[in-house]
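Asker:
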Amino acid sequence: MRALDRNHRVTVVPYQKPGVPASAGLTVEQCEKAAWAVGPGEASGRRCWRGAGAINASLAVALGVRLPLSFYELPGVSLLQESVYGLIAANRGRLPGDEPYCDQRPEECR
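Going by UniProt numbering, the first residue of the sequence shown is number 1, and it counts up by one from there.
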């Protein structure tokens with residue numbers, strides 16, 4: 001995301017950091033199950049996206065274009081993307097990637 005977000009529009013925050021889920025109006029359980037994108041504004045009025053929708057919303061903001069969200073909203077596309085997202089999320093511990101936040105900063109985790 002950082003490579004695509006040249007204008008620094010997206011802030012990526014690990015949910016394991018104390019207080020982060022509550023500050024977004026989410027529970028730890030919700031955050032454990034899926035990625036979330038939370039729009040700006042007051043907690044009661046801001047838009048939230050979950051799973052593949054969160055990825056598309058983040059890409060749209062990072063790139064400064066609505067295309068990822070417009071594509072996601074096409075009939076059938078969100079269902080397909082959510083299915084693929086579910087497979088990836090269920091196996092995220094087996095996939096290569098960054099070192100988990102709690103491994104990097106165990107003193108900040110629950």
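Just so it is clear, CB atoms sit at the ideal spot from N, CA and C, and this is done for glycine as well.
Can you give the Cα-Cα distance for Gln-16 and Tyr-101, rounded to whole angstroms?
Answerer: The alpha-carbon atoms of Gln-16 and Tyr-101 are separated by roughly 7 Å.
Asker: Find out if the Cβ-Cβ distance for the pair Pro-68, Asn-56 is shorter than 9 Å.
Answerer: In this structure, Asn-56 lies closer than 9 Å to Pro-68 by Cβ.
Asker: Using a Cβ-Cβ cutoff of less than 6 Å, which residues in the same chain neighbour Ala-24 once the five nearest sequence positions on both sides are dropped?
Answerer: The answer, listed in chain order, is Val-38.
Asker: Under a three-way DSSP split, which group does Arg-2 fall into?
Answerer: Residue state, collapsed to three classes: coil.
Asker: Does the distance from the C-beta atom of Arg-2 to that of Val-13 stay below 9 Å?
Answerer: Taking 9 Å as the Cβ cut-off, Arg-2 and Val-13 do not qualify as a contacting pair.
Asker: Going by DSSP in three states, Cys-109 sits in which element: helix, strand or coil?
Answerer: Cys-109: coil per DSSP, three-state reduction.
Asker: Within 10 angstroms of the Cβ of Leu-80, are there 16 or more other Cβ atoms? Answer buried if so, exposed if not.
Answerer: Result: exposed.
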